[in-house]
Amino acid sequence: MKQHLSDILSRDFDVDQQDLAEARRLAKEQNAPLSEVLLKKKILTESQLLQAFGRLYDLPFWAKLPLDNFDTGFARKVPIQFLKKYAMVPICRACAPDSEVMSKQERPVIAVNDPSAFQPLDDLARLLEIDEFDLVLSPRDAIYSVINMAFDSSRDTAEQLVADMEENGGDIISEIEETADLLDDTSDAPIIKLVNHVISQSVKIGASDIHIEPEQYSLKIRYRVDGILYDMLTPPKWMQASLVSRIKVMSSMNIAEKRLPQDGRFEVRIGNQSIDVRVSTIPIQYGERLVMRLLNKSGSLFNLSELGLSPEKLDKIRQLISYSHGIILVTGPTGSGKTTTLYAVLSSLNSPDINIITIEDPVEYQLKGVNQIQVNPKIELTFARGLRSIVRQDPDVILIGEMRDLETAEIGVQSALTGHLVFSTLHTNDSASAITRLVDLGIEPFLISSSVIAVIAQRLLRVLCNECKQPYAPDKATLERLGLTPEQAENSVFYRPVGCSSCFNSGYRGRVAIYEILELKQELQNLVLKTYDSHRIKNEAVRLGMTTLYQNGIEKVLSGVTTIEEVLRVTQN
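Sequential numbering of the sequence shown, starting at 34, is according to this note's numbering.
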C-alpha cells in the first residue's frame, strides 16, 4: 500500500494536520513546492523533511557527505553552476557511510536534495556517461561543501598554470594580443585562469591584499595574511603586461593608460562568498605595480563582545557609546581594524528608535537599518558636503569615515556640540596624538575639550597557532625589558611560534585587537586647554589609570594569546 507524505509527517514527525493543511493552501497560492513552504514556516527542519522523503521514496538519508578521498573527476565533466542550481553531486561509493547502499552492485551514487528533480538527474547521468546509479538524500549545505571541495581541488595550482604558460609562451602572447577585450576570452584562457586562481587562493587562505610587483627581470606576486606579506608566486616577466591588463579590464580601468596611477573595483563570487576587490595601480620603474584589496562581504560582522576586549574595557566602551552627544575617535594605521570596531559599535546601537547615518569611503559592509552614504569625489560628494546634508536629516548618531580636513572636522565638532553622537577615525600612532592632530587640522583646543568624549587607539596582534605553539621560559633580560619581575611571570606560560601546515608555516593564525582608551575627563580637558603636547597628555592619562597599547599587548602575552616579539613589532616599543 502506497504511503502519502502527509501520513508520514503526521505519524513519524508529529506534524499537526492543521499546519499541513495551511502549508498546502500557501503552496497552492504561491505556486511553490509544499516542501519549500514547510521549511519556510519552520514546520519541519531540512533533515526531517529529507528523512520523510527517504521513507516515501525508499531512499537512504545521509546527513553528512565525505569531504576527502573521493573522486573529483566529475568536476571536469559537469559545470559547477548546474550542480549548485539543482543541488546534486556524484559521490564515491567507497566512501559511502551507508551499508545498505554499499551492499548493492557497484554503481555510482548521486546525492540529491530534491528527489523529484528527474530531468536534471537524467542530464547529470548523461554528462557523467552512466546508465545506472543509486540515489541518496542529503542536506543542501552538505552537497555544496562537496561541490566546492571537488572544484577547488581539481583546479590546477598557480605554479602549474605558470609552468604550462611558459611552455607555450609565444602562442599565448599572440593569442592575447589578437583579442581586443580580455573579457571576450573564454574562461579557459591561461591568463584568465591564472588571475582567477590567484584571487580564489588568496580568499581561501584569508589574505587581505594581493600585490603584483614588477622587477627588472621578473615579476613577483605576494599575499598579505594577518598583516604580513608572503611571497607566493614568481611568474616570468613576459606575463606582466597581460596579467595587469586582465585585472584592469575587470576593474573598468583604462588599459591603454600606463603612465598615471589608477583606481578601480570589481566584485567576484567564490562559492557562496561575495568578495569586493578594490584595485590600485601606480607606474614604477619596471612597469605598473598593482595592489588588490579584498573585502569579504559575506563575512559576518563582529559584536562588541567578540572584539577581544577585557570585561573592564568592554564596560568602558559601552558606557562611552551610551552618551547622547559628543565625539568618539578611533585611531590607528591603515589595516588596524578601526572600521570593524566602529561597525561593531553601530551594530550594538542600531535599533528602530535611533536614526544612524554614515558617510564612508568606501562603504565596506551593508548594515541593515543604517543609512550609509558613499563618498564620490567625481560628483563632488565629499565628506564635508555629505556631512552638511546629514545634519539636516535629524540623525541621532553620525559616523564619519575619516576626518581628513578642517571643514569635515569642524562640522563633526559642531554636530557633537548640537546634540549628536559622532564617531570618526584618524590616522595617528596613539590616542593622545589624536588631540594634536585635531589642533593641526585647525580645531581650537577649547572646542576639542568640550566635544571629544574619548579617543580609542587600536592595533591588531597575530594570534599564536594552537596547533604548533610551543611553551618556553624567557630569560631574565627579556622579562626586565617587558617590565616584569620573575614573580609576576611565574604564574604565566610564555609561548613561541613554530609553524605548521595549519598556519601557513608562520606560527600564527588569525588576529586579535589591543586597545588604548583615553577618556577626556575633567583633568584631561583642563590640560588640553593649556597644551596639546601628546606626550604630556599621554603621561597624564596613564597617571589617571589608562592602559597603553603596549600594556594591553603584554596582557595578551601573559594569557598565552600572542608573543613578546609580536607586541614589540606592533606597538613599536
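All residues carry an ideal CB built from backbone N, CA and C; glycine is no exception. Keep in mind that this is a model prediction, so the values were computed, not measured.
What are the start and end residues of the beta strand (DSSP E) that includes residue i?
{"i": "Phe151", "result": "Premise fails: Phe151 lies in the alpha helix (DSSP H), 151 to 161, not in any beta strand (DSSP E)."}
{"i": "Ala546", "result": "541 to 552"}
{"i": "Pro123", "result": "121 to 124"}
{"i": "Gly586", "result": "Run containing Gly586: none in the beta strand (DSSP E); it sits in the alpha helix (DSSP H), 582 to 591."}
{"i": "Val312", "result": "306 to 317"}
{"i": "Asp296", "result": "295 to 303"}
{"i": "Pro504", "result": "503 to 505"}
Would you kindly work out how many angstroms separate the C-alpha atoms of residue i and residue j, rounded to a whole number?
{"i": "Met135", "j": "Phe86", "result": "Here Met135 scores only 45 on pLDDT, less than 50, and its place in the model should not be relied on; the value that follows carries that caveat. If you take the alpha carbons of Met135 and Phe86, they lie about 20 Å apart."}
{"i": "Lys371", "j": "Leu379", "result": "12 Å"}
{"i": "Leu553", "j": "Arg495", "result": "30 Å"}
{"i": "Val455", "j": "Tyr541", "result": "36 Å"}
{"i": "Thr451", "j": "Ser422", "result": "15 Å"}
{"i": "Leu72", "j": "Cys533", "result": "42 Å"}
{"i": "Arg437", "j": "Asn462", "result": "16 Å"}
{"i": "Leu562", "j": "Phe479", "result": "6 Å"}
{"i": "Gly434", "j": "Thr373", "result": "12 Å"}
{"i": "Gly368", "j": "Leu551", "result": "21 Å"}
{"i": "Thr267", "j": "His358", "result": "53 Å"}
{"i": "Met265", "j": "Pro66", "result": "48 Å"}
{"i": "Pro316", "j": "Ser567", "result": "37 Å"}
{"i": "Ser235", "j": "Thr314", "result": "19 Å"}
{"i": "Thr219", "j": "Ile225", "result": "In this predicted model, Thr219 has a pLDDT of only 41, less than 50, meaning its place in the structure is not dependable; the value taken from the coordinates is given anyway. Approximately 8 Å between the Cα atoms of the pair."}
{"i": "Leu471", "j": "Gln491", "result": "18 Å"}
{"i": "Ile481", "j": "Gln306", "result": "43 Å"}
{"i": "Leu512", "j": "Gln521", "result": "9 Å"}
{"i": "Glu598", "j": "Ala158", "result": "57 Å"}
{"i": "Tyr177", "j": "Ala120", "result": "7 Å"}
{"i": "Gln295", "j": "Leu414", "result": "19 Å"}
{"i": "Asp52", "j": "Leu168", "result": "30 Å"}
{"i": "Lys137", "j": "Gln114", "result": "Because the pLDDT of Lys137 is 48, which lies under 50, any placement of that residue in the model is unreliable, and the question is left without a value."}
{"i": "Leu160", "j": "Lys110", "result": "6 Å"}
{"i": "Val430", "j": "Arg544", "result": "29 Å"}
{"i": "Glu69", "j": "Leu83", "result": "12 Å"}
{"i": "Gly203", "j": "Glu588", "result": "Interpretation of Gly203 is limited by its pLDDT of 44, a score under 50 that renders its predicted location unreliable; no figure is taken from the coordinates."}
{"i": "Ala144", "j": "Trp95", "result": "8 Å"}
{"i": "Gly341", "j": "Leu347", "result": "9 Å"}
{"i": "Gln50", "j": "Ala546", "result": "53 Å"}
{"i": "Ser207", "j": "Lys270", "result": "Confidence in Ser207 is poor, its pLDDT being 39 and thus under 50, which makes the residue's placement too unreliable to answer from."}
Check the C-beta distance from residue i over to residue j and give it rounded, since I have them as a contact under 8 Å.
{"i": "Leu337", "j": "Tyr376", "result": "Leu337 to Tyr376, Cβ: 10 Å. No contact."}
{"i": "Ile390", "j": "Asn404", "result": "5 Å"}
{"i": "Ser284", "j": "Arg298", "result": "6 Å"}
{"i": "Tyr528", "j": "Leu497", "result": "5 Å"}
{"i": "Pro504", "j": "Val526", "result": "5 Å"}
{"i": "Asp427", "j": "Asn388", "result": "6 Å"}
{"i": "Leu323", "j": "Ile280", "result": "6 Å"}
{"i": "Ile570", "j": "Ile468", "result": "6 Å"}
Here's the rule I'm using: 16 or more other beta-carbon atoms within 10 Å means buried, otherwise exposed. How should residue i be labelled?
{"i": "Asn585", "result": "buried"}
{"i": "Leu577", "result": "exposed"}
{"i": "Ile238", "result": "exposed"}
{"i": "Asp217", "result": "The predicted position of Asp217 is uncertain, since its pLDDT is 35 and thus under 50; no value can be drawn from it."}
{"i": "Ser124", "result": "Position check: residue 124 holds Ile in this sequence, whereas Ser was assumed. Classification of Ile124: buried, given that the 10 Å Cβ count is 16 or more."}
{"i": "Val485", "result": "buried"}
{"i": "Ser149", "result": "exposed"}
{"i": "Phe107", "result": "buried"}
{"i": "Pro385", "result": "exposed"}
{"i": "Leu262", "result": "exposed"}
{"i": "Ile209", "result": "Note on Ile209: pLDDT 37, under 50, position unreliable in the model; the coordinate value appears next. When all chains shown are included, Ile209 counts as buried."}
{"i": "Asn559", "result": "exposed"}
{"i": "Thr518", "result": "exposed"}
{"i": "Ser132", "result": "Low per-residue confidence applies at Ser132: pLDDT is 44, beneath 50, and the placement is therefore not dependable, though the value from the model is reported in the following sentence. Counting Cβ neighbours within 10 Å, Ser132 comes out exposed, since fewer than 16 surround it."}
{"i": "Ile205", "result": "At Ile205, the pLDDT of 40 sits below 50, so the modelled position is not reliable; the number obtained from the coordinates is stated separately. Counting Cβ neighbours within 10 Å, Ile205 comes out buried, since at least 16 surround it."}
{"i": "Ala442", "result": "buried"}
Following the continuous alpha helix (DSSP H) through residue i, name the residue where it begins and the one where it ends.
{"i": "Asp427", "result": "Here Asp427 belongs to no alpha helix (DSSP H), and DSSP marks it neither H nor E."}
{"i": "His358", "result": "From DSSP, His358 is part of no alpha helix (DSSP H); its letter is neither H nor E."}
{"i": "Arg33", "result": "Because the chain spans 34 through 606 in this model, residue 33 falls outside it and cannot be assessed."}
{"i": "Ser482", "result": "478 to 484"}
{"i": "Glu165", "result": "Taken as a continuous stretch (DSSP letters only), Glu165 belongs to no alpha helix (DSSP H), as it is neither H nor E."}
{"i": "Pro144", "result": "It is Ala, not Pro, that sits at residue 144 in the sequence shown. It is not in any alpha helix (DSSP H) - Ala144 instead sits in the beta strand (DSSP E) that spans 142 to 145."}
{"i": "Gln329", "result": "Before going on, a small fix: residue 329 reads as Asn here, not Gln. Premise fails: Asn329 lies in the beta strand (DSSP E), 320 to 329, not in any alpha helix (DSSP H)."}
{"i": "Ser620", "result": "The question about residue 620 has no answer, for the chain in this structure spans 34 to 606."}
{"i": "Pro344", "result": "344 to 353"}
Should residue i be flagged as near chain D, meaning a C-beta pair shorter than 8 Å?
{"i": "Tyr119", "result": "Annotation note: the requested chain D is absent from the structure, which comprises a single protein chain."}
Extract the residue ranges of the alpha helix (DSSP H) inside the region 374 to 404, only unbroken runs of 4 or more that lie entirely within it. Whole alpha helix (DSSP H) segments, 4+ residues: zero.
Just list the alpha helix (DSSP H) runs in the region 45 to 80, keeping only unbroken ones of 4 residues or longer that don't cross its boundaries, in chain order. As far as the region 45 to 80 is concerned, its whole alpha helix (DSSP H) runs of at least 4 residues are 50 to 63, 67 to 73.
I'd like the ranges of any beta strand (DSSP E) spanning at least 3 consecutive residues and lying wholly in the region 440 to 473. DSSP runs (the beta strand (DSSP E)) wholly in the region 440 to 473: 454 to 459.
Could you pull out every unbroken beta strand (DSSP E) segment of at least 3 residues lying fully inside the region 514 to 542, listed in chain order? Within the region 514 to 542, the complete beta strand (DSSP E) segments of 3 residues or longer fall at 527 to 529, listed in chain order.
Which complete alpha helix (DSSP H) runs does the region 225 to 308 hold, if anything under 4 residues is left out? Listed in chain order, the complete alpha helix (DSSP H) runs (minimum 4 residues) inside the region 225 to 308 are 273 to 283.
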